[in-house]
Structures are given as C-alpha cells and as structure tokens.
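Student: This is the structure, below, for whatever I ask next.
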Amino acid sequence: MSREWVAVDFETANWSRGSACAVGMTLVEDGVVTNRLSTCIQPPGGGGFHPYHTSLHGITAEAVRHAPEWPQALGQILDFADGRPLVAHNAAFDMGVIRDACTATSTPWPELRYACTLILSRLTWQLLTYRLPFVADAAGVAMGAHHDAQVDADTAAHIMLAAMRHHQVDTVDDLLDGLKVRYGQQTSDSWTGSRRLGQAARREIPVADPHADPDSMLYGLNVCFTGTLTTMTRAEAHRRLAEAGGQAVPGVTKKTDVLVVGMADPARFAVGMAVSGKHRKARDLLDLGHKIEMIGEIDFLEWLSS
C-alpha cells in the first residue's frame, strides 16, 4: 500500500493552527503523480484573515466566500486520500491543522497515518535549514510559488520521491524502515507523531515543562536566539520554548540544535545566498558534521503551535 500515498499541504488564515483556508493534495502511485486535489476552505474559528498570512498565500475572505466549510472539505480530503498514508513537510503542523479544525467545528478526528518529509530530509541531506524551498533545491526538485497549497504538496511529494531514490528504496514503508522512522498515527481521540525510533527526549532540562507534548517540534531541542524578536521579548521566547519542552542556550555551540534569527528572517534569504555572523558560525559547525538548523521568528512561532 505504501506504493500509493498522498502528499498534503494546508495554508491557514491566521495564527490559529486550525484556521485552514486552503489545502493541496498530490496522489503518488508507483512513483508517479497521478492525481491532485486543491480547494479553498472557509476557515473555522471566526478569526478572519491576518494580513501576514494573506501576504504569504494571497488568500482573502472574498476568495473563500463560496468555498466549502471544514466538515465538507474534510470529507473531500478523506475521500481523496482513501485510506492511503499522508505525507507532509512538517507533518506535525499539517496534522495539527486537521485536529484543531475538527475541534473548532465539533467534527470527530479522522484516523490517519502519516510521514514527515522534514524529518526524513534531516536524515537524507545535510543542510543549514530545512525549510521547504531549501530542501527542494538540495533534492533537485523544481518548485513554484511557495505557500500555494498545491505547489507545496507537489514539492513535498517530489522530495519524498527524491529521498526514496537517494536511499534506493521503492516504498514509503521501506524508506521509514531503513531510516528507523515510525509513521505518525492519529485516531479519534489521540495521536503519536512521526519520529525516529529510539529517539530519546532530553529529560534533564531544568526549564523544560515536564508535561510538554513530546511530539512538539521543539521538544528536547537546544535553541539559541540571535537578533531582535518582534513578536515577543527574549524572556517570553525562552518561557514559551520551555513550555514546549525545549531549552534555551546562550550561544551557538556543538550542542545547539536550532538557531532562531530575529529581524533577518531566513524566509527572505535566497537559495545559495551567503550568510554571516552567527550564521557563519552555524555553517562552520555544519561543515564539521554538526546538525544545526537556522529558522526565523515566524518559523519559531509556527513550531510553537505544532
């Protein structure tokens, strides 16, 4: 069955993870894209469209006025997937969109099985950042306009296929088995995220919330902040990081997992653009074989919500 799978990507209307306003889906059968589904969605939750999000994907309230509401859109999504595994880049976010949108509309959570190309990319290519455009470039995948749900779903699908070719396997099951990664699973009342088998959470972290969700993108990570944050103070960032199970560290070292860059958002960097300062230090550590990822403040906010 893992010869057939569906890549999925959601766009959201505002900072609420459940505010789905568009979905793109790409069906892959035996290594070939055979079908697509794309639709706008009336975002549940009543939060409207935030200007920042509209600036990313261009979707407005007028654009979704005649779009299906979440329960109807979910029906289309599940019919298209037809029980196949789902694939997403940062699946923790996209699966969270489904759960939160369902909760906002009193819709039962669907049963799903899913894999994450973000996790698989980290085990396949050595990069400074694993944002979708950078992974696509490393994988040799031509990418259209980022934050178009169908474009991003197509890109995730082709990244998965590139990872399969890299590891010389033909199915998602074989890729996950070879990299010792488990599928994420979601039922009507619980979920477990996709993660590497045997991956241990760092428990001796004095500021980490012991009750934090272990499937959080930030759980167990050592995170360094640089530059000025615009949405919160550094102290607030440290507090919210701790609530997500992560540990703030004062500088970029071999123990640093993530560098959060304020002001100069990596989303504004072009693929191949030179970096400097702490970015260069992170690059130097990467060249020495240390895995460190650079993200922007907006990425950090998205990781907090995933």
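UniProt numbering numbers the first residue of the sequence shown as 1 and each following residue consecutively.
Cβ atoms here follow ideal geometry from the backbone N, Cα and C, with glycine treated the same way.
Note that this is a predicted model, so its numbers are computed, not measured.
(1) If you follow the beta strand (DSSP E) that Val169 is in, where does it begin and where does it stop?
(2) Grouping DSSP H, G and I as helix and E and B as strand, with all else coil, what is Phe80?
(3) For a minimum of 4 consecutive residues, which ranges assigned as the alpha helix (DSSP H) are wholly contained in the UniProt domain "BRCT" (213-306)?
(4) Relative to the alpha-carbon of Leu56, which residue among Thr107, Thr230, Ala149 and Gly184 has its alpha-carbon at the smallest distance?
(5) Compute the Euclidean distance between the alpha carbons of Leu118 and Trp125, then round it to the nearest angstrom.
(6) Which whole-angstrom value describes the C-beta separation of Met25 and Ala153, a residue pair presumed to lie in contact below a C-beta threshold of 8 Å?
(7) Among all the DSSP beta bridges, which residues are the ones paired with Gly184?
(8) Just tell me which of His158, Ile298, Asp284 and His147 has its CA closest to the CA of Gly140.
(9) Short of 6 Å in beta carbon distance, which residues of its chain neighbour Ser38, apart from the five on each side in sequence? Order them along the chain.
(10) Short check: CB of Ala101 to CB of Pro44, under 9 Å?
(11) Cutting at 6 Å between CB atoms, please list the residues of its own chain near His238, excluding the five before and the five after it.
(12) Just checking my contact of Thr155 with Ala138 at CB under 8 Å: how many whole Å lie between their CB atoms?
(13) Three or more C-beta pairs closer than 8 Å, one from the region 74-92 and one from the region 46-62: is that the case here?
(14) Between the C-alpha atoms of Ser216 and Ala242, what's the straight-line distance to the nearest angstrom?
(15) What is the rounded straight-line gap between the Cα of Gly262 and the Cα of Val32?
(16) With a threshold of 9 Å between beta-carbons, can Val151 be considered close to chain D, or not?
(17) For Val8, which three-state DSSP category applies?
(18) Just to confirm before moving on: does the CB-CB distance between Trp109 and Gln186 stay below 9 Å?
(19) Check whether the region 65-77 and the region 284-298 touch, using three or more Cβ-Cβ pairs below 8 Å as the test.
(20) Short check: CB of Ile41 to CB of Trp15, under 9 Å?
(21) Excluding five sequence neighbours on each side, which residues of the same chain lie with their C-beta closer than 7 Å to the C-beta of Ala162?
(22) Where does Ser121 sit, in a helix, a strand or coil, going by DSSP?
(23) Could you tell me which residues DSSP pairs with Gly24 in its beta bridges?
(24) Excluding sequence positions up to five away, which residues of its chain have a Cβ less than 8 Å from the Cβ of Arg240?
(25) May I ask you to report which of helix, strand or coil DSSP gives Glu204?
(26) In the DSSP assignment, what residue or residues form a beta bridge with Ala88?
Tutor: Result, derived from the coordinates:
(1) Here residue 169 refers to the residue found at position 169 of the sequence shown. It is not in any beta strand (DSSP E) - Val169 carries neither H nor E in the DSSP assignment.
(2) Position 80 of the sequence shown, counted from the start, is the residue given in the question as residue 80. In the structure shown, the three-state DSSP call for Phe80 is helix.
(3) Within the UniProt domain "BRCT" (213-306), the complete alpha helix (DSSP H) segments at least 4 residues long are 234-243, 278-287 and 297-305, listed from N- to C-terminus.
(4) On the sequence shown, position 56 is the one that residue 56 refers to. Looking at the Cα atoms, Ala149 is the closest of the given residues.
(5) As a first step, residue 118 is located in the sequence shown; it is residue number 118 there, counting from the start. As a first step, residue 125 is located in the sequence shown; it is residue number 125 there, counting from the start. Spanning the alpha carbons of Leu118 and Trp125 requires a straight line of approximately 11 Å.
(6) Start at 1 with the first residue of the sequence shown, and residue 25 comes out as number 25. Start at 1 with the first residue of the sequence shown, and residue 153 comes out as number 153. About 6 Å; that satisfies the 8 Å criterion.
(7) If you number the sequence shown from 1, residue 184 lands on position 184. Gly184 pairs with Tyr114.
(8) Along the sequence shown, read from residue 1 onward, the residue named residue 140 stands at position 140. Gly140 has its Cα closest to that of His158, out of His158, Ile298, Asp284 and His147.
(9) Taking the sequence shown and counting its residues from 1, the one referred to as residue 38 is at position 38. Taken in chain order, the residues that qualify are Gly24 and Gln150.
(10) The residue given as residue 101 occupies position 101 in the sequence shown. The residue given as residue 44 occupies position 44 in the sequence shown. Result yes, Cβ atoms of Ala101 and Pro44 sit closer than 9 Å.
(11) As a first step, residue 238 is located in the sequence shown; it is residue number 238 there, counting from the start. Closer than 6 Å at Cβ, skipping near neighbours: Ala248.
(12) Against the sequence shown, residue 155 aligns to sequence position 155. Against the sequence shown, residue 138 aligns to sequence position 138. The Cβ separation is near 12 Å, so there is no contact.
(13) no
(14) Here residue 216 is taken as the residue at index 216 of the sequence shown, counted from 1. Here residue 242 is taken as the residue at index 242 of the sequence shown, counted from 1. Straight-line measurement puts the Cα of Ala242 at about 11 Å from the Cα of Ser216.
(15) Numbered from 1 along the sequence shown, position 262 holds the residue referred to as residue 262. Numbered from 1 along the sequence shown, position 32 holds the residue referred to as residue 32. Computed Cα separation, rounded: 40 Å.
(16) No chain D appears in the structure shown, which is made up of a single protein chain.
(17) If you number the sequence shown from 1, residue 8 lands on position 8. Correct three-state label for Val8: strand.
(18) Here the question's residue 109 lines up with position 109 in the sequence shown. Here the question's residue 186 lines up with position 186 in the sequence shown. In contact: Trp109 and Gln186 (Cβ atoms closer than 9 Å).
(19) no
(20) Taking the sequence shown and counting its residues from 1, one reaches residue 41 at position 41. Taking the sequence shown and counting its residues from 1, one reaches residue 15 at position 15. Result no, Cβ atoms of Ile41 and Trp15 do not sit closer than 9 Å.
(21) Within the sequence shown, numbered from 1, the residue matching residue 162 stands at position 162. Hits under 7 Å: Ala139, Gly140 and Val141.
(22) Locating residue 121 in the sequence shown gives position 121, where the first residue counts as 1. Helix.
(23) Numbered from its first residue, the sequence shown carries residue 24 at position 24. Residue pairing from DSSP places Gly24 in a beta bridge opposite Asp9 and Ser38.
(24) Residue mapping note: residue 240 aligns to position 240 of the sequence shown, counting from 1. Same-chain partners within the cutoff: Met232 and Leu304.
(25) Taking the first residue of the sequence shown as 1, we reach residue 204 at position 204. Annotation note: pLDDT 37 at Glu204 (below 50); position unreliable, coordinate value reported separately. Three-state result, Glu204: coil.
(26) Here the question's residue 88 lines up with position 88 in the sequence shown. Answer is Cys116.
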